Amino acid sequence: MWDRLFGKGWAKAAAPEDVEAPVEELEWEEAPASVEQFTARLSAVGLGEHTDALVALVRPSLRLVADEDVDDPQAAAESAGLRIGGRPLLAPGVDWPRRKDGAPLSLVAQISLADVAELADGEDQADFPTEGSLAFFYDAVDQSVWGFSPTDSEGWAVLHCPDGVGALRDFPTELDEEGRFSPIALTPELEQTYPPAASFEVEQLVGATKAEKYWPVLGEDEGAGTITRFLGHPDVIQGEMQVECQLASNGVYVGDSKGYTSPDGIRLRPGAAEWRLLLQVDSHEDAGMMWGDSGRLYWWIREADLAEGRWDATWLVLQCY
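Here you go:
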């Protein structure tokens, strides 16, 4: 799959030496179109010495695009393996997830693992079970959780349904209409994603000062448009999320800076490297989804939990403009 993404021989491409470039030449609108272009930009901004390490962080992702090639999108969507909205596919005996006060969560997305198995195929790819489907829920009506508090975990759920046993579950009668999203089928498009400038990994590799040089590499239009994706790197709106997931999931409040600089925050921080994006869901007007002010939901999971299919070990972050 790497050859298809990057072109044959991509791993053997030597990093060019750093060169001086006028400031205006360091302003790119679009994201890098290839690893070679990514490498050239790193050299242009003076980060050529970090090329190998940064290229090693390039990850494949499936961008999930609304399928507009069906006659009746909503009728077809609930039977689609990849979709946002609609009713969830749940196994018998599995209760609809709720907050502690009993308020039902909303289905945001349904993902057939067989339909994203391409990302688990081959050496050095993501390691995850490819049987069954995942239903992603969130407290969409109140949007009461954003991921920075240890108590936020009641505001989302990820439920696995084995193949062949699931059935569409009707909405709970007490779920408000605004929490019942219109189903939209999604088509996967394989693409490469680059580590965001606002990420634990980039800061660890190049340092906070040099990380500022990295920002132009990704292009001015980084993250623009409606972007829903499975695995890969996130399209960041407000900032770094791996440390947020690591600390909040371990009992440290990070709604302000105190948690990050606390003894527990400093002690736990290295574990941020274990977190991977599982699913990113954008605001979708046609589905009736709006996360904050045109924001996105991000479900994260530790790499070891992803490999073992521990879907209940996710952490969610909401970011918006």
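Just so we're aligned, residue 1 is where the sequence shown starts under full-length UniProt numbering, counting upward by one. Think of the CB as a built atom: it goes at the ideal place given N, C-alpha and C, for glycine as much as any other residue. Keep in mind it's a predicted model, so treat the numbers as computed, not measured.
Item, Value
"Rounded to whole angstroms, what is the Cα-Cα separation between Glu78 and Thr130?", "20 angstroms"
"Checking 8 angstroms against the spacing of the C-beta atoms, do Gly292 and Leu268 come in under that value?", "no"
"When DSSP labels each residue in this structure, what does Thr193 get in the three-state scheme?", "strand"
"Roughly how many whole angstroms lie between the Cα atoms of Ala120 and Phe128?", "6 angstroms"
"Per DSSP, which residues does Cys161 bridge with? Please list them.", "Ser133"
"Taking DSSP as the reference, what is the three-state secondary structure of Ile266?", "helix"
"Can you grab the Cα-Cα spacing for the pair Ala211 / Asp176, in whole Å?", "44 angstroms"
"Please report the residue range of the beta strand (DSSP E) in which Leu175 lies.", "Neither: Leu175 is in no beta strand (DSSP E) and is coded neither H nor E."
"Buried or exposed for Asp52, going by 16 or more other Cβ atoms inside 10 Å?", "exposed"
"Rounded to the nearest angstrom, what separates Met241 and Lys100 at their Cα positions?", "25 angstroms"
"Return the Cβ separation of Ser182 and Ala109 in integer angstroms, given the expectation that the two are a contact with Cβ distance under 8 angstroms.", "Not confirmed; about 13 angstroms, so no contact."
"In the DSSP assignment, what are the bridge partners of Phe230?", "Leu62 and Leu279"
"Is it buried or exposed for Thr209, if we count other Cβ within 10 angstroms and need 16 for buried?", "exposed"
"Any beta carbon from chain C within less than 8 angstroms of Val158's own beta carbon?", "Checking the listed chains, one finds no chain C in this structure; it contains a single protein chain."
"Could you say which of Val217, Ala114 and Gly309 lies nearest to Val45 if we only look at CA atoms?", "Val217"
"Can the beta-carbon of Ser83 be found less than 8 angstroms from the beta-carbon of Ile184?", "At residue 83 the sequence reads Arg, which differs from the Ser that was named. Yes; because the gap between Cβ atoms is below 8 angstroms, this pair is in contact."
"Which residue comes first and which comes last in the alpha helix (DSSP H) that contains Ser43?", "Val35 to Ala44"
"Where DSSP assigns a beta bridge to Pro317, which residues make up the other side?", "It should be noted that the sequence gives Val, not Pro, for residue 317. For Val317, which the question treats as bridged, DSSP gives the partners Tyr298."
"For Ala198, which residues from the same chain have a beta carbon less than 6 angstroms from its beta carbon, with the 5 sequence-adjacent residues on both sides left out?", "Val236, Gly239 and Glu240"
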